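Read left to right, the sequence shown gives residues 389 to 750 (the numbering used here).
This report concerns only the one structure given below.
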Amino acid sequence: MSDIRVENLVKRFDKTLAVNGVSLDIDDGEFVVLLGPSGCGKTTTLRCIAGLETPDEGYIYIDGNVVNSLPPKDRDIAMVFQNYALYPHMTVYDNMAFPLRMRKLPKNEIDRRVKEAARLLNIQHLLNRRPKQLSGGEQQRVALGRAIVRQPKAFLMDEPLSNLDAKLRVYMRAELKRLQKDLKITTVYVTHDQAEAMAMADRIAVMNRGRIQQYDVPTEIYNKPANTFVGGFIGSPPMNMIKALVTEKNGEIMLDTGYFLYNAKDISSILRDKTGGEIYIGIRPEDILLSTHKSDDSVFESEIYVVEPMGSNMIIDLKLGDDIIKAVIQPTTEFHAGMHVWVGFRREKVHIFDAKTEELIV
Ligand code: ATP
Numbered sequence: 389m390s391d392i393r394v395e396n397l398v399k400r401f402d403k404t405l406a407v408n409g410v411s412l413d414i415d416d417g418e419f420v421v422l423l424g425p426s427g428c429g430k431t432t433t434l435r436c437i438a439g440l441e442t443p444d445e446g447y448i449y450i451d452g453n454v455v456n457s458l459p460p461k462d463r464d465i466a467m468v469f470q471n472y473a474l475y476p477h478m479t480v481y482d483n484m485a486f487p488l489r490m491r492k493l494p495k496n497e498i499d500r501r502v503k504e505a506a507r508l509l510n511i512q513h514l515l516n517r518r519p520k521q522l523s524g525g526e527q528q529r530v531a532l533g534r535a536i537v538r539q540p541k542a543f544l545m546d547e548p549l550s551n552l553d554a555k556l557r558v559y560m561r562a563e564l565k566r567l568q569k570d571l572k573i574t575t576v577y578v579t580h581d582q583a584e585a586m587a588m589a590d591r592i593a594v595m596n597r598g599r600i601q602q603y604d605v606p607t608e609i610y611n612k613p614a615n616t617f618v619g620g621f622i623g624s625p626p627m628n629m630i631k632a633l634v635t636e637k638n639g640e641i642m643l644d645t646g647y648f649l650y651n652a653k654d655i656s657s658i659l660r661d662k663t664g665g666e667i668y669i670g671i672r673p674e675d676i677l678l679s680t681h682k683s684d685d686s687v688f689e690s691e692i693y694v695v696e697p698m699g700s701n702m703i704i705d706l707k708l709g710d711d712i713i714k715a716v717i718q719p720t721t722e723f724h725a726g727m728h729v730w731v732g733f734r735r736e737k738v739h740i741f742d743a744k745t746e747e748l749i750v
């Protein structure tokens, strides 16, 4: 077990700045997910930790020691990739035993560790099969088994579930999380799937364009996104962002979207010095309230553009001038496309971002 520290990591490929000053502290036994869109630098960060890429600037520490000049094999870290990279001609047993034979461990110790890992992963009955006789999920377990038997200081995983179908993926993510908690092995896990990150991580590092946008526990990332990128990346559907001008009318701070006025009475002291500036109102779909009646002056009228029944809930697309915002509500037959409804926001769930810097104001 180990802690990992990444300090001001910079990595370029010719003119591409793949990683641009990433710093991360990963505690002993922690499960940290690097989350972000394609090309944001997740894999490159992971490969620098593994020693498969050499940083241009910055330091990687494992257990407090700088490992920049240590080759991958001396870092005592196990990688699990998206393509499981199993040896097709070897049995499951031999695939798992292979890294231990390379290290010249005694035969009985190899046997003990392979059987223990097989028990943990529930693949004891598959030990004599070859990879092509296994399902995707089983192959994934074997790949994990091969990482576990080494008893490494840390696991580094790059989209390990992305080759599995949606149902198996959801099943395996819980299995993997449970296994990581049982083994207490520090894990860095790369994914572009925000639901996977939310479900598995102790902490999530949200990345964009080679930089960490926010590094925090999942609930904070969800409830207090540091900027519009994080708000828009997390959640399905993501947070609605509505541009508005901060105005003052009769001493009250009003946010003018061009479509409706939002009275920012509870946050006026914070927004007063932004008067004349532009902001985004960030509101999650589940924090939008819909009604067929006008309850008070805080609600505004909108037309339902489309209704998307999802089973356990429904998504309502609402017209806001030329834009669409999405609300998520309990299933009901009350609403249909073309209907006019009254729309309100849960006030305590409204986020305000600066339109220029895109950073959270309140
Ligand atoms: P994905 O989810 O698509 O794997 P990622 O977030 O893991 O994306 P990286 O693979 O780290 O992103 O890539 C970051 C940037 O660096 C991208 O623009 C990519 O094209 C570039 N890059 C990565 N590896 C190399 C390489 N070996 N040579 C040149 N450019 C590279």
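Ideal Cβ placement from N, Cα and C applies to all residues, glycine included.
Bear in mind that the values here come from a model prediction, so they are computed numbers and not experimental data.
Residue i classed as buried or exposed, judged by whether at least 16 other C-beta atoms fall within 10 angstroms
i, result
"ILE401", "The sequence shown places Phe at residue 401, rather than the Ile named in the question. The residue is exposed, with fewer than 16 neighbouring Cβ atoms inside 10 Å."
"ARG507", "exposed"
"GLU497", "exposed"
"ALA725", "exposed"
"ASP710", "exposed"
"ILE712", "exposed"
When the options are compared against residue i, the one with the closest alpha-carbon
i, options, result
"GLY665", "PHE648, LYS631, PHE419 and LEU678", "LYS631"
"LEU532", "ASP499, VAL454, PRO476 and MET467", "MET467"
"TYR647", "VAL731, ILE658, ARG566 and ASN596", "VAL731"
"ALA542", "LEU522, LEU708 and ILE573", "ILE573"
"ARG660", "VAL729, THR680 and THR635", "THR635"
"ARG734", "VAL687, PHE741, VAL694 and LYS744", "VAL687"
"ASP444", "ASN453, HIS739, ALA562 and THR432", "THR432"
"GLN528", "TYR447, GLY427 and ASP546", "ASP546"
"GLN539", "LYS492, ASP499 and ASP464", "ASP464"
"LYS714", "LYS662, GLY623 and GLY699", "GLY623"
Chain-order list of residues whose beta-carbon lies under 8 Å from that of residue i (same chain, five-residue window excluded)
i, result
"LYS653", "GLU640 and ILE641"
"THR720", "MET702"
"GLN512", "LYS503 and ALA506"
"ARG489", "ILE498"
Residue j beta carbon less than 7 Å from that of residue i
i, j, result
"ALA585", "VAL421", "yes"
"PRO625", "PRO697", "no"
"GLY670", "MET629", "yes"
"VAL394", "LEU412", "yes"
"PHE723", "VAL750", "no"
"SER683", "LEU706", "no"
"VAL530", "LEU434", "no"
"TYR650", "ALA743", "no"
"VAL576", "GLN602", "no"
Collapsed DSSP secondary structure at residue i in the structure displayed
i, result
"SER411", "strand"
"TYR610", "helix"
"GLU445", "strand"
"GLU696", "strand"
"SER741", "It should be noted that the sequence gives Phe, not Ser, for residue 741. PHE741 falls in the strand class under three-state DSSP."
"ALA593", "strand"
"ALA725", "coil"
"ASP705", "strand"
"MET467", "strand"
"ASN496", "helix"
"TYR559", "helix"
"ILE600", "strand"
"MET484", "helix"
"GLY429", "coil"
"GLY670", "strand"
"ILE654", "Per the sequence shown, the amino acid found at residue 654 is Asp instead of Ile. If DSSP states are grouped into helix, strand and coil, ASP654 belongs with the helices."
"GLY355", "Nothing about residue 355 can be reported from this structure: the residues present for the chain run from 389 to 750 only."
Same chain, Cβ closer than 6 Å to residue i, five either side skipped, listed in chain order
i, result
"ILE536", "ALA505"
"LEU708", "TYR647"
"VAL480", "LEU514, LEU515, ARG517 and VAL530"
"LYS737", "ASP675"
"VAL605", "ARG591"
"LEU556", "GLY525"
7 Å CB neighbourhood of residue i in its chain, flanking five on each side removed
i, result
"PRO460", "ALA438, GLY439 and LEU440"
"VAL729", "LEU678, SER679, THR680, SER690, ILE692 and PHE723"
"ASP644", "ALA632, LEU633 and THR635"
"ASP474", "Correcting the residue type first, residue 474 is Leu in the shown sequence and not Asp. ASN483, PRO519, GLN527, VAL530 and ALA531, listed in sequence order."
Residue i CB to nearest heavy atom of the ligand HEM below 6 Å
i, result
"CYS428", "The ligand HEM is not among the ligands present in this structure, which contains only the ligand ATP."
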